[in-house]
Amino acid sequence: MSQLTRLQWQCRRGTKELDFLLLRYLQTDYWLADDVEKALFVELLALEDDELIKVLMGESDAAMGVMKALVEKIRAVGVVGV
0 MSQLTRLQWQ
10 CRRGTKELDF
20 LLLRYLQTDY
30 WLADDVEKAL
40 FVELLALEDD
50 ELIKVLMGES
60 DAAMGVMKAL
70 VEKIRAVGVV
80 GV
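Note that numbering that gives the first Met the number 0 has the sequence shown beginning at 0, numbered continuously upward.
So, in structure tokens, the structure goes:
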């Protein structure tokens with residue numbers, strides 16, 4: 000399985016909001032990101048769905064650490080795509 004296929008599969012979470020935000024970021028910004036940001040995205044994808052949606056919706060302090068910039072970028076890409 001290629002890296003792109005694996006990431007696309009991990010971005011499909013079964014909720015419209017998560018699927019949209021994650022796949023949109025993957026398609027638009029992931030390939031332009033540096034290695035640190037790519038690693039953070041993979042780490043973000045490892046979260047359980049309930050925690051991931053809280054992080055991306057700003058309802059969890061988990062987004063306040065090193066992932067804050069990435070979470071903001073994912074949200075911004077989602078807003079642009081609307």
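All C-beta atoms in this analysis are idealised placements derived from N, C-alpha and C, irrespective of residue type, glycine included.
Remember, it's a predicted structure, so these values are computed and weren't measured experimentally.
Where residue 11 falls: helix, strand or coil (DSSP): coil
Assumed close pair residue 10, residue 31 - CB separation to whole angstroms, cut-off 8 Å: In fact, because the Cβ distance is near 17 Å, the residues do not count as touching under 8 Å.
Coil, strand or helix - residue 64 by DSSP: coil
Local conformation of residue 47 per DSSP, three classes: coil
Coarse secondary structure for residue 32, derived from DSSP in three states: coil
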